[in-house]
Amino acid sequence: MLVYWFLPMVLFLGIITSYEDIKFGKIRNKWILVAIVYSIIASSILFSLNYYDTNYLIKILANGLFSIIFGFAIWYANLWTAGDAKLFFAFTILMPIHKPHSYFFFLTYLSNTFIPLSIILLFYILFKAGKKKKLFYLKKTFSIKIIFRLIPFIFGFSWIIGLLLGIAGLGSNLVLSFAGIFLLYYIFDAVLKIKILYIGLLLSLARLIFDKSIYSPQFVSQFLLLTFLFMLVRVFLFSVGSGYLSKEIKLNDLEKGMIPAEIIIKINGKYAKRMKSFSLIGSIWHNKIGKPLFRNLARGLSNKDILKLKSLQKKLPFKTLRIQTTMPFAPFLSLGALLTIISQGNFIGLFF
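Heads up: the sequence shown begins at 47 in this note's numbering, then just goes up one per residue.
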């Protein structure tokens, strides 16, 4: 019943914002406002007709609030624009919440958005990368040393993440487990520079003792799939992909709106480039190791930024800057919303 109240608006919002994002490269605030007003009116009517209770309304408000916080955290990490963050919020408050997912239903929607995007990017990179390069990275990824280092980490931390998801009312969720492991791996390995092998071994030992669910064929199949996906995505999206999802541009050829894939930081009076970290923690870490030349660049370079770069050319030890290959995000947010409504949760759960 509830889906018929919101599906038409979700379809309308998805079509109009996807069209404008593809054609004009922006998401207009008026469509976000229309979605908010519609959600308020529809929710008020459903509440008056006793389809909603007070607890359900609180869940809607909580998901809306959390989606704003997460949306703008992702914007701060330069993964999408402010318009995408607002559209994410709009879709979140337009979707019926299923009780098992309670206050964190927005995370399910977020995963349903990024899964199709990751799959498309993965196939794009596989298509663009040469055979020798693919074989080189595959051999590097599936080496005995790498496998021995990663398996205890994935085995141990997937247990902790699973417990947290259970507490949050999200149950067993392969996609959110994958996202959590990836985030923790980045924090420990790339940011904190902590040896993940020893932590993974300790957690793995504890899991072997206390977690009886691991002694089942279902767990083995899910764990092997999780490990394979982690290693594959780690290589092709973050190693091979960096060369295909961005391109080198001469400083003199930079244009307004271009989004840097590298940040320029000043360390001890000297300028250096670093690949941009696509995470909130990574962004904070860059601020600690040096002073960024520019702050948040999710909207792209401004004319002022370009003039500043050109004026510093004699002081810079480089003549080029890597620029992100941009793509409209509204279609993926729209697809994620539809997948969430159709599957009444995480759409991957329909297959596993």
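Glycine included, every Cβ here is placed at the ideal spot set by N, Cα and C. No experiment lies behind these values; they were computed from the predicted model shown.
Using 8 Å for Cβ pairs, my map puts residue i next to residue j. What's the rounded Cβ distance?
i    : j    : result
I305 : K319 : Not a contact, Cβ separation roughly 15 Å.
L247 : I295 : Between I295 and L247 the Cβ distance is about 44 Å, and since that is not below 8 Å, they are no contact.
Y155 : F137 : 7 Å
T371 : K293 : 7 Å
Within 10 Å of its beta-carbon, does residue i have 16 or more other beta-carbons around it, so buried, or fewer, so exposed?
i    : result
A131 : buried
V83  : exposed
G71  : exposed
V266 : exposed
T100 : exposed
L261 : For clarity, residue 261 is Tyr in the given sequence; the question names Leu instead. Exposed.
D299 : exposed
I213 : exposed
G328 : Model confidence at G328 stands at a pLDDT of 48, short of 50, so the residue's coordinates are unreliable and nothing is read from them.
A252 : exposed
F151 : buried
I330 : Low local confidence applies: a pLDDT of 47 at I330 is under 50, so the model's placement there is unreliable, and no value is given.
N124 : buried
N109 : buried
S198 : Note that residue 198 is Pro in the sequence shown, not Ser. Counting Cβ neighbours within 10 Å, P198 comes out buried, since at least 16 surround it.
S259 : exposed
Give me the Cα-Cα distance between residue i and residue j, rounded to the nearest whole angstrom.
i    : j    : result
L59  : V49  : 15 Å
S325 : L95  : Summary for S325: the model assigns pLDDT 46, below 50, so the residue's position carries little reliability; its value from the coordinates is reported in the next sentence. Approximately 43 Å between the Cα atoms of the pair.
I120 : W126 : 7 Å
I313 : L358 : 15 Å
Y170 : S164 : 10 Å
S157 : K360 : 44 Å
E301 : K354 : 13 Å
I97  : A81  : A small fix is needed here, since residue 97 is Tyr in this sequence, not Ile. Cα to Cα, the separation comes out at about 20 Å.
Y102 : M55  : 20 Å
I68  : L133 : 15 Å
K264 : G346 : Looking at the sequence provided, one finds Gln at residue 264 rather than Lys. Whole-angstrom Cα-Cα distance: 46 Å.
L168 : K185 : 17 Å
L271 : F224 : 10 Å
K180 : L278 : 11 Å
I233 : L243 : 14 Å
N349 : L297 : 13 Å
L209 : I87  : 37 Å
L172 : S89  : 45 Å
K365 : E308 : 13 Å
M373 : F182 : 28 Å
R74  : P377 : 14 Å
R112 : K241 : Residue identity check: residue 112 is Phe in the sequence provided, not Arg. Rounded to the nearest angstrom, the two C-alpha atoms are 32 Å apart.
L140 : I193 : 42 Å
F118 : I104 : 21 Å
S380 : G303 : 24 Å
Regarding residue i and the ligand HEM, is the C-beta to nearest heavy atom distance less than 8 Å?
i    : result
Y155 : With respect to the ligand HEM, the structure shown offers nothing to examine, as it has no ligands at all.
As an exercise, report each continuous alpha helix (DSSP H) stretch of at least 4 residues that is fully enclosed by the region 122-146, in chain order.
128-138
Contained alpha helix (DSSP H) runs [length at least 4] in the region 182-219, N- to C-terminal order:
190-213
Would you mind listing the beta strand (DSSP E) stretches within the region 54-133 that are 3+ residues and don't spill past its ends, in chain order?
none
Can you confirm whether the region 192-207 touches the region 248-257 when touching is taken to mean that 3 or more C-beta pairs between the two stretches lie within less than 8 Å?
yes
Where in the region 339-380 do unbroken runs of the beta strand (DSSP E), each at least 3 residues long, occur, reported from the N-terminal end onward?
366-370
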